[in-house]
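> Chains as they are written, first to last, in the working numbering: chain X, 528 to 813; chain E, 18 to 578.
Sharing a structure with you now.
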């Protein structure tokens, strides 16, 4: 039996999207409406299990009466709202956001969706000068569980949120510094083992660009043995305690190479603890 | 992170927060609610350490975090956001020397021994340094010479002495230079305290009606009608309400609010008390930029003279972005000064998430005469859409830089003539500061009103009128503006964080002219559009205007800087 959450009834709100009338419910975001319509709306800093931070601006849409474009991920629908998702202004801003990120960050391990958006919007990161500023830096490898490869960081704040009050309430990392020099950091850049980090791996779970990566995956990629096509995913229940977290075991060559949790699982909302995330070695002691 | 505070660091924090509770063997911290209630003390506590010790060590940060129940990483994120806080050890005396556009135009270039600083709000003086002294009082030297910087770094504090700044006064500036800024009696003798008395006699609704009738619009840059804002805040059922005075004046070329606060502090406080009364604010915050120590001290001294007015002065930490109202709220609340997405607007959910009205200093001071003479009398000054007197900050290559009060509708030519004209050929005027635009000499007859400048695609912004003749290297000016936005972008949203960097690089290529200028200018336009359309706040939305207008007007042609 699946638990069905019962919500208070919500008022219906009428709006138009690209000229077509649409019915939504009060409290829905514009993004909720666009997704229900099947529109492919790019998002980077948005995740279903995190509070929107409005930082990446790639999901912007045009709302009649608003001077600037608005982020669809956080803006709630209003009666009579006129939304445009495919105007030249919207396309330009989406293209430029993708292009600015592509010009400064290594996006080669981001999802394939991102590559599709870059192509679809015509983003051309190469048109900036060759000596342009970027965030290139060597990866931080300080322990056997995490690698922090900030040359790939788009500063979407997802890891900070997952570490903070959206999930783990550990607050080991923060956005530090300002402007283009802002980074994700611990206090005084101390290594994670000296910070408040509890190695739940939830920051890695939400990272959209591979800036945060499990050491096991990082090593296999470096060795050229990481092969997503050869991996199977098995959903099961974490054996450690009585909470009942669902976990997904990513298996390649009869060995677990990664553990995640389904976003839509009511117990975890995609988040785990160190035991569920990393405590699988005993399974494969051979 | 293991690190213990020194006795001196603990003493600096305890001086602000009081002594820590004696340990009684129980580990009970009061939990989330106590942590939440104390969070707003984070920036003041970090500033207390910075001021006493000269930098914030890991041990000091840990102690602040322990006292306030803030995670160390979180506090580090806040400490590294502000330019006046240092998380690395540095000399006990640091001189921040202005190398911004007004001082470039005035010919100052003496940064020797100091740290280059964005505009310090002393533009009429032509050069300036802000000196942070560990264990002592911070101070400003303006104008400043290389010898004075060297003396300051050696521990000397120069005797105060400065040129007159107010060049043309009307009603708004009538007390400046006349009233004793340290004396409540002097203020009373010059008509002080009457507006607050009258407001309290007539009631909040009456005050709001008068401000609405006056059509007073915001002088900080956004030109929003003050009465509308006050009415919306007053009508909110949620409690408490807050009133905030935005005194984080940081727009390059702007110094009007500093002069009002330094020379007529009682008027600023009285006007805030009237506003707080009108919007039903239980508490008021004055957020004064950290580089204005004299203004902050004078406001602090004036506040206790107003009975029944619960108010506090908070110092900024060296961040232009904190002049943006929602960034300012985050800063007061103890978070990084990153702007919030609007809506919700401050009148609904502002400081601490409560209904808040926030106004610029100059806007507020106008309220005193509105209460005394009535809104209609105020509305009769200026034009229909731009009512009242307006302060303009004149700097650059004018004969008499300084603060000028004129009625709205005065033309740019008349204003420049008041300032003694521009020696040599006028090449351009920057209206509105770095966030504004350049206009050419052909626009010199534009009436200075909100609607007048909008017609020529410009803005009054915060009242900056910076003139440039043929002697100024406009390439250097454009570069400094681009660097300013790169430095001051908070980094939260992509269009501004990366856009301001790419804009600066593209400008460099325009100036170096290696290749096709038009191509680089087109790239600047592409970057500008995403910054204007998709940035979270006004910083990104205005970061391209000056550069684009400089290119459009041909001001950079021939510049090789």
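Backbone N, C-alpha and C define an ideal beta-carbon position, used for all residues, glycine too.
Are the segment 726-739 of chain X and the segment 681-695 of chain X in contact at 8 Å, needing three or more beta carbon pairs?
Contact between the segment 726-739 of chain X and the segment 681-695 of chain X is present, because at least three Cβ pairs lie under 8 Å.
> Verify whether the separation of the beta carbon atoms of residue 228 of chain E and residue 387 of chain E is less than 8 Å.
Here residue 228 of chain E refers to the residue found at position 211 when the second chain is read from its first residue. Here residue 387 of chain E refers to the residue found at position 370 when the second chain is read from its first residue. The answer is yes: Cβ separation under 8 Å.
> Looking only at its own chain, which residues have a Cβ that is under 7 Å from the Cβ of residue 473 of chain E, when we skip the five neighbours before and after it?
Numbered from 1 along the second chain, position 456 holds the residue referred to as residue 473 of chain E. Excluding positions up to five away in sequence, the list reads 456, 460 and 463.
> Quick check on residue 508 of chain E - is its C-beta less than 8 Å from some C-beta in chain X?
As a working mapping, residue 508 of chain E is identified with position 491 in the second chain. True, the Cβ-Cβ gap to chain X drops below 8 Å.
> Whose C-beta lies closer than 8 Å to the C-beta of residue 765 of chain X among residues of the same chain, with five residues either side of it excluded?
Working through the first chain from its first residue, we reach residue 765 of chain X at position 238. Correct list, in chain order: 771, 772, 773, 774, 799, 802 and 803.
> Nearest-angstrom Cα distance between residue 313 of chain E and residue 726 of chain X?
Mapped onto the second chain, residue 313 of chain E falls at position 296. Mapped onto the first chain, residue 726 of chain X falls at position 199. Approximately 45 Å between the Cα atoms of the pair.
> With a cut-off of 8 Å, do at least 3 Cβ pairs link the segment 507-525 of chain E to the segment 617-626 of chain X?
Cβ pair count under 8 Å is three or more, so yes.
> Taking a Cβ distance cut-off of 8 Å, strictly less, list which residues of the segment 738-754 of chain X are near chain E, in chain order.
Flagged: no residues at all.
> My output table needs one value for residue 424 of chain E: the three-state DSSP class, helix, strand or coil.
Mapped onto the second chain, residue 424 of chain E falls at position 407. Correct three-state label for residue 424 of chain E: strand.
> Using a Cβ-Cβ distance cut-off of 8 Å, determine whether residue 358 of chain E contacts chain X.
Within the second chain, the letter at position 341 stands for residue 358 of chain E. It does: the Cβ of residue 358 of chain E has a partner Cβ on chain X nearer than 8 Å.
> List, in order along the chain, the chain X residues whose C-beta lies closer than 8 Å to that of residue 337 of chain E?
What you label residue 337 of chain E is simply residue 320 of the second chain in a count that begins at 1. Per Cβ cutoff of 8 Å: no residues; residue 337 of chain E is ~10 Å from chain X at best.
> Between residue 98 of chain E and chain X, is any beta-carbon pair separated by less than 8 Å?
Locating residue 98 of chain E in the second chain gives position 81, where the first residue counts as 1. At least one chain X Cβ lies under 8 Å of residue 98 of chain E.
> Within the chosen definition, does the segment 135-150 of chain E reach the segment 260-271 of chain E through at least 3 CB pairs nearer than 8 Å?
Touching, per the Cβ criterion.
> For residue 669 of chain X, which residues of its own chain have a beta-carbon under 6 Å away from its beta-carbon, when the five flanking residues on both sides are left out?
Reading the first chain from its first residue, position 142 is the one you call residue 669 of chain X. Counting only Cβ-Cβ distances below 6 Å, and skipping sequence neighbours, we find 718.
> Of all the alpha helix (DSSP H) runs that stay within the bounds of the segment 135-204 of chain E, which reach a length of 4 or more residues?
Listed in chain order, they are 163-170.
> Work out the CA separation of residue 575 of chain E and residue 364 of chain E for me, nearest whole Å.
As a working mapping, residue 364 of chain E is identified with position 347 in the second chain. As a working mapping, residue 575 of chain E is identified with position 558 in the second chain. Their backbone Cα atoms lie some 49 Å apart in a straight line.
> Exposed or buried, what is residue 550 of chain X when buried is set at 16 or more other beta-carbons lying within 10 Å of its beta-carbon?
In the first chain, the residue the question calls residue 550 of chain X occupies position 23. So residue 550 of chain X ends up on the exposed side.
> Using 8 Å as the limit for Cβ to Cβ distance, is residue 542 of chain E near chain X?
On the second chain, position 525 is the one that residue 542 of chain E refers to. Residue 542 of chain E does not count as touching chain X.
> Is there a Cβ of chain A sitting closer than 8 Å to that of residue 637 of chain X, yes or no?
Here the protein chains are X and E, and chain A is not one of them.
> If you check the beta carbons only, do residue 163 of chain E and residue 255 of chain E fall under 8 Å apart?
The sequence position of residue 163 of chain E within the second chain is 146, counting from 1. The sequence position of residue 255 of chain E within the second chain is 238, counting from 1. Cβ distance not < 8 Å, so residue 163 of chain E and residue 255 of chain E don't count as in contact.
> I want to see whether chain E comes within less than 8 Å of residue 528 of chain X, judged by CB atoms only; does it?
Residue mapping note: residue 528 of chain X aligns to position 1 of the first chain, counting from 1. Reliability of the predicted coordinates at residue 528 of chain X is poor, the pLDDT of 49 falling under 50, and no value is obtained from them.
> In terms of residue numbering, what span does the beta strand (DSSP E) encompassing residue 552 of chain X cover?
What you label residue 552 of chain X is simply residue 25 of the first chain in a count that begins at 1. Residue 552 of chain X -> beta strand (DSSP E) spans 547-552.
> List the residues of chain E that residue 619 of chain X touches, going by C-beta distances under 7 Å, in chain order.
The residue you call residue 619 of chain X lines up with position 92 of the first chain. Within chain E, the residues near residue 619 of chain X are 546 and 547.
> What did DSSP end up calling residue 556 of chain E once you bin it into helix, strand or coil?
Against the second chain, residue 556 of chain E aligns to sequence position 539. In the structure shown, residue 556 of chain E sits in a helix (DSSP, three-state: H, G or I).
> In the segment 684-702 of chain X, which residues sit with their C-beta less than 7 Å from some C-beta in chain E, listed in chain order?
Listed in sequence order: 698, 699, 700, 701 and 702.
> Could you tell me the boundaries of the alpha helix (DSSP H) in which residue 88 of chain E lies?
Here residue 88 of chain E is taken as the residue at index 71 of the second chain, counted from 1. Premise fails: residue 88 of chain E is in no alpha helix (DSSP H) and is neither H nor E.
> Give me the Cα-Cα distance between residue 116 of chain E and residue 122 of chain E, rounded to the nearest whole angstrom.
Here residue 116 of chain E refers to the residue found at position 99 of the second chain. Here residue 122 of chain E refers to the residue found at position 105 of the second chain. Rounded to the nearest angstrom, the two C-alpha atoms are 10 Å apart.
> Taking 8 Å as the cut-off, does the segment 73-81 of chain E touch the segment 90-107 of chain E (at least 3 CB pairs, one atom from each stretch)?
With the cut-off at 8 Å, the segment 90-107 of chain E and the segment 73-81 of chain E touch.
> Buried or exposed, going by whether 16 or more other CB atoms sit within 10 Å of the CB of residue 528 of chain X?
Residue mapping note: residue 528 of chain X aligns to position 1 of the first chain, counting from 1. For residue 528 of chain X, the pLDDT reaches just 49, beneath the cut-off of 50, and the residue's location in the model is therefore unreliable, although a value from the coordinates is still provided. By the 10 Å Cβ count, residue 528 of chain X comes out exposed.
> Using a Cβ cut-off of 8 Å, which residues of the segment 75-88 of chain E contact any Cβ in chain X, in chain order?
Residues 75, 78 and 88.
> Report yes or no: is there a C-beta of chain E within less than 8 Å of the C-beta of residue 542 of chain X?
The residue labelled residue 542 of chain X in the question sits at position 15 within the first chain. No, residue 542 of chain X does not count as interfacial toward chain E.
> Got a sec: which bits of the segment 700-725 of chain X sit with their beta carbon under 8 Å from any beta carbon on chain E, in order along the chain?
Listed by position along the chain: 700, 701, 702, 703, 704, 705, 706, 707, 708, 709, 712, 713, 714, 715, 717, 721, 722 and 723.
> Using the Cα positions of residue 239 of chain E and residue 130 of chain E, report the straight-line distance between them to the nearest angstrom.
As a position in the second chain, residue 239 of chain E is number 222, starting the count at 1. As a position in the second chain, residue 130 of chain E is number 113, starting the count at 1. The alpha-carbon atoms of residue 239 of chain E and residue 130 of chain E are separated by roughly 38 Å.
> State buried or exposed for residue 576 of chain X, treating a residue as buried only when at least 16 other CB atoms are found within 10 Å of its CB.
In the first chain, counting from the first residue as 1, residue 576 of chain X sits at position 49. When all chains shown are included, residue 576 of chain X counts as buried.
> Suppose only complete runs of 3+ residues qualify. What are the beta strand (DSSP E) ranges in the segment 640-675 of chain X, listed by chain order?
Runs found: 673-675.
> Please classify residue 475 of chain X: does DSSP put it in a helix, a strand, or coil?
There is no way to answer for residue 475 of chain X, as the model of chain X reaches only from 528 to 813.
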